[in-house]
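Colleague: For the sequence shown, position 98 (counting from the first letter as 1) is numbered 98 according to full-length UniProt numbering, and the numbering increases by one without interruption.
From the three backbone atoms N, C-alpha and C, an ideal C-beta is built for every residue, glycine too.
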Amino acid sequence: MGSTETSTGGQVSDLPPIRRFITTHDDATGKAKLYSQDEGQWQSLRNASVAFNVAYTTTGFPPSLNDDADITAYKETMASGDLGLVNPNGTVCRYVDFGPGSHPVMHRTQSLDYGILLEGSIEMMLDSGEVHTLRRGDVAVQRATMHAWRNPSDTEWARMIFMLQDCQPIKVGGTLLEEDIRNATEVPASRKDH
Numbered sequence: 001m002g003s004t005e006t007s008t009g010g011q012v013s014d015l016p017p018i019r020r021f022i023t024t025h026d027d028a029t030g031k032a033k034l035y036s037q038d039e040g041q042w043q044s045l046r047n048a049s050v051a052f053n054v055a056y057t058t059t060g061f062p063p064s065l066n067d068d069a070d071i072t073a074y075k076e077t078m079a080s081g082d083l084g085l086v087n088p089n090g091t092v093c094r095y096v097d098f099g100p101g102s103h104p105v106m107h108r109t110q111s112l113d114y115g116i117l118l119e120g121s122i123e124m125m126l127d128s129g130e131v132h133t134l135r136r137g138d139v140a141v142q143r144a145t146m147h148a149w150r151n152p153s154d155t156e157w158a159r160m161i162f163m164l165q166d167c168q169p170i171k172v173g174g175t176l177l178e179e180d181i182r183n184a185t186e187v188p189a190s191r192k193d194h
């Protein structure tokens, strides 16, 4: 595995830049207003063949939006540097850019994930050996299963956006299936309680 590099705003892919718009309320009028607009931070992994950009994360469900408590919690979580793939008891909205021919990493998160392909094509690989190709606009609903993502293109980048929601522990056939990211060594574990 390659080193982890973090860049502010800068991304490694040639895909269009993203912008994040966070809204809030005006205390005096109660009307909506823009809190911030930016490109977020990209974190490059595996020798810049994959990159993450966390659009937002919450630390509780349902989150409190009062007095911008969720924004404060988001900033604290991101500053801590220990956000795993999943935020326990919360949600994570993350962009992922996959480089041409990027090496797939088999993993499982203890979460319910919606993965929507925005650009390019992606192969969803399951530990059963099944491989399914997603095209622009397709959604994968990952339910705490072992899986990997592979960009089959030799020349084009692919981009997905993932919405991860923590879930209750999952048992299959009486066996507890926990988070398994041992092959994703650059990503911190999501759970501190196991």
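Please classify Gln-11: is it buried, with 16 or more other beta-carbons within 10 angstroms of its beta-carbon, or exposed?
Modeller: Working through the sequence shown from its first residue, we reach residue 11 at position 11. Buried, by the Cβ-count rule.
Colleague: Taking Cβ positions, are Ala-148 and Gly-120 nearer each other than 7 Å?
Modeller: As a working mapping, residue 148 is identified with position 148 in the sequence shown. As a working mapping, residue 120 is identified with position 120 in the sequence shown. Against a cut-off of 7 Å, the Cβ pair of Gly-120 and Ala-148 comes out as no contact.
Colleague: State the Cα-Cα distance for the pair Leu-112 and Leu-15, rounded to the nearest angstrom.
Modeller: The sequence position of residue 112 within the sequence shown is 112, counting from 1. The sequence position of residue 15 within the sequence shown is 15, counting from 1. Roughly 27 Å separates the two Cα atoms.
Colleague: Can you look up Met-146 in the DSSP assignment and give me helix, strand or coil?
Modeller: Sequence index remark: in the sequence shown, residue 146 carries index 146 (1-based). Coil, per DSSP.
Colleague: On the DSSP letters alone, give me the boundaries of the alpha helix (DSSP H) that Asp-70 sits inside.
Modeller: Residue 70 sits at position 70 when you count from the first residue of the sequence shown. 69-80 is the span of the alpha helix (DSSP H), which, as asked, contains Asp-70.
Colleague: At what residues does the beta strand (DSSP E) containing Ile-122 begin and finish?
Modeller: Counting from one through the sequence shown, the residue named residue 122 turns up at place 122. Unbroken beta strand (DSSP E) run through Ile-122: 121-126.
Colleague: Going by the CB atoms, is the gap between Thr-109 and Glu-179 shorter than 7 Å?
Modeller: Here residue 179 refers to the residue found at position 179 of the sequence shown. Here residue 109 refers to the residue found at position 109 of the sequence shown. The answer is yes: Cβ separation under 7 Å.
Colleague: Taking Cβ to Cβ, would you say Asp-67 is nearer than 7 Å to Thr-24?
Modeller: Against the sequence shown, residue 67 aligns to sequence position 67. Against the sequence shown, residue 24 aligns to sequence position 24. Contact flag unset, no.
Colleague: Excluding five sequence neighbours on each side, which residues of the same chain lie with their C-beta closer than 7 Å to the C-beta of Gly-115?
Modeller: For the purposes of this step, residue 115 is taken as the residue at position 115 of the sequence shown. These residues qualify, in order along the chain: Val-139, Ala-140, Gln-142, Met-160, Phe-162.
Colleague: Between which residues of its own chain and Ala-144 is the CB-CB distance below 8 Å, once the five residues before and five after are set aside?
Modeller: Indexing the sequence shown from 1 puts residue 144 at position 144. The residues are Arg-108, Thr-109, Gln-110, Ser-111, Leu-112, Cys-167, Ile-170, Leu-177.
Colleague: What span of residues does the beta strand (DSSP E) with Ser-36 cover, start to end?
Modeller: Along the sequence shown, one-based indexing puts residue 36 at 36. 32-38 is the span of the beta strand (DSSP E), which, as asked, contains Ser-36.
Colleague: When we look at the beta-carbon of Asp-97 and count the other beta-carbons within 10 Å, is it buried (16 or more) or exposed?
Modeller: Position 97 of the sequence shown, counted from the first residue, corresponds to residue 97. Under this definition Asp-97 is a buried residue.
Colleague: Tell me the DSSP secondary structure of Asn-66 in three-state form.
Modeller: What you label residue 66 is simply residue 66 of the sequence shown in a count that begins at 1. Asn-66: helix per DSSP, three-state reduction.
Colleague: Could you compute how far the alpha carbon of Gln-37 sits from the alpha carbon of Gly-101?
Modeller: Counting from 1 along the sequence shown, the entry for residue 37 is found at position 37. Counting from 1 along the sequence shown, the entry for residue 101 is found at position 101. When rounded, the distance between both Cα atoms is 32 Å.
Colleague: Roughly how many angstroms lie between the CA atoms of Asp-70 and Leu-85, to the nearest whole one?
Modeller: Against the sequence shown, residue 70 aligns to sequence position 70. Against the sequence shown, residue 85 aligns to sequence position 85. Taking the straight line from one Cα to the other gives about 18 Å.
Colleague: If the criterion is Cβ atoms closer than 7 Å, does the pair Ile-18 and Tyr-95 meet it?
Modeller: Residue 18 sits at position 18 when you count from the first residue of the sequence shown. Residue 95 sits at position 95 when you count from the first residue of the sequence shown. Yes; because the gap between Cβ atoms is below 7 Å, this pair is in contact.
Colleague: Please tell me whether Pro-104 and Arg-135 are closer than 7 Å, where the distance is taken between their beta carbons.
Modeller: For the purposes of this step, residue 104 is taken as the residue at position 104 of the sequence shown. For the purposes of this step, residue 135 is taken as the residue at position 135 of the sequence shown. No, they are not a contact pair.
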